[in-house]
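J.: Chains as they are written, first to last, in the working numbering: chain A, 1 to 115; chain B, 1001 to 1257. Yeah, the Cβ is synthetic: ideal placement off N, Cα and C, and Gly gets one too. Below you'll find the structure I mean.
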């Protein structure tokens, strides 16, 4: 459940972003959570729900989550599979099981809407 | 779920990097939309880099041990100290949710050790290691460490996400846990350089096909170095000790960046 600490880090960032923009309220937070980031989306949402309730600045903020696609390249035949779902067990073309992932391990604060 | 109320998570993040919104903004009525595009891992990663640079300057090799609770991390350390503690100066940072029992076990071997108790948090982070290392340096023998071993909180999930500034990440699975850990907890294996299969003296009593576990781990991460041994019986243990000897030699021979 390291998601709670990550949400706490997010709230700290939101406070400083709001200060810089003279905003009193955060309306919307857009996050990019890669499928290989080690972050469970439901736990992140749960943590955001709990911690934002105790925080006037973000109490009514809407959390939007974008899950990007990951490209898995077969180490044997080079076949690529692009998916935002779970890691494929094997190459769809040759059946090899060593697939190299590119991207997908990001956890990024993309955009903030505030007033 | 551990740490679910979040009440302790403030304590270990005292150095949050605050983001600056350089992105362009546009207004809709009274609200403003600002592009940030900043990783939430950035603060920890920056602290981890600074830890690693510090270790390099002091010519210290740092390894981060990750496993489920009870895989034998502390026992591995005790036997490693018994075998090579006279030729390599070892220092240990122990991470646990509560108690300093593990640090006490290591100190009993005459090696400098400190305990970080996370008070509920499920992993160590780079700023805890920064503080812990300075504390360790004040312990007797803490000023001449060659090999720093960080024993992470027993957990195969959360620690995999946090770089501590280590040079090598080592993941352990013990024979009684079963061979399917790589498939179930891939991130611990994709981010590690070494995979240790421990307690091999128990192989006659458990269904643990070593080749299958090895193959599944290598499918996730083809560059993993895999070693299987029993620290208590000593069978196969020399491979691990030689690995550590080489690692210390390599890093100590390297000029600091």
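1) State yes or no: is the C-beta of residue 1095 of chain B nearer than 7 Å to some heavy atom of the ligand ZN?
2) Could you run through the stretch 1036-1048 of chain B and flag, in chain order, every residue whose CB is less than 7 Å away from some CB of chain A?
3) Once DSSP output is grouped into helix, strand and coil, what is the label at residue 1225 of chain B?
4) How many angstroms separate the CA atom of residue 20 of chain A from the CA atom of residue 1237 of chain B?
5) Any beta-carbon of chain B closer than 8 Å to the one on residue 115 of chain A?
6) Against chain B, with Cβ distances strictly below 8 Å, would residue 23 of chain A count as a contact?
7) Can the beta-carbon of residue 1115 of chain B be found closer than 8 Å to that of residue 1126 of chain B?
8) Does DSSP classify residue 1035 of chain B as helix, strand or coil?
9) When burial is assigned at 16 or more other CB atoms within 10 Å of the CB, is residue 62 of chain A buried or exposed?
10) Is the beta carbon of residue 1097 of chain B sitting closer than 8 Å to the one on residue 1150 of chain B?
11) Name the one or two DSSP bridge partners that residue 1129 of chain B has.
12) Check the C-beta distance from residue 4 of chain A over to residue 47 of chain A and give it rounded, since I have them as a contact under 8 Å.
13) Pull up the DSSP beta-bridge partners for residue 72 of chain A, would you.
14) Is it the case that the stretch 1077-1089 of chain B contacts the stretch 1121-1139 of chain B, given that we only count it when at least three CB pairs across the two stretches are under 8 Å?
15) For residue 1033 of chain B, go through chain A and note every residue whose CB falls closer than 7 Å to its CB, in chain order.
16) Buried or exposed, going by whether 16 or more other CB atoms sit within 10 Å of the CB of residue 105 of chain A?
17) What do you get for residue 1206 of chain B, buried or exposed, if any count of 16 or more other CB atoms within 10 angstroms of its CB means buried?
18) Can you find a CB in chain B that lies within less than 8 Å of the CB of residue 10 of chain A?
19) For residue 12 of chain A, which residues in the same chain have their Cβ closer than 6 Å to its Cβ, ignoring the five residues on either side in sequence?
20) Return yes when the Cβ of residue 1136 of chain B is within less than 8 Å of the Cβ of residue 1091 of chain B, no when it is not.
21) Mark residue 1005 of chain B as exposed unless 16 or more other C-beta atoms lie within 10 angstroms of its C-beta, in which case mark it buried.
T.: Let me lay it out:
1) The ligand ZN is absent from the structure shown, which contains no ligand whatsoever.
2) 1036, 1037, 1038, 1039, 1040, 1041, 1043
3) strand
4) 56 Å
5) yes
6) yes
7) no
8) strand
9) exposed
10) no
11) Answer by DSSP bridge pairing: none, since residue 1129 of chain B is not bridged.
12) 5 Å
13) A:81, A:101
14) no
15) 111, 113
16) buried
17) exposed
18) yes
19) none
20) yes
21) Low confidence applies here, because residue 1005 of chain B scores a pLDDT of 33, under 50, leaving its location unreliable and the question unanswered by this model.
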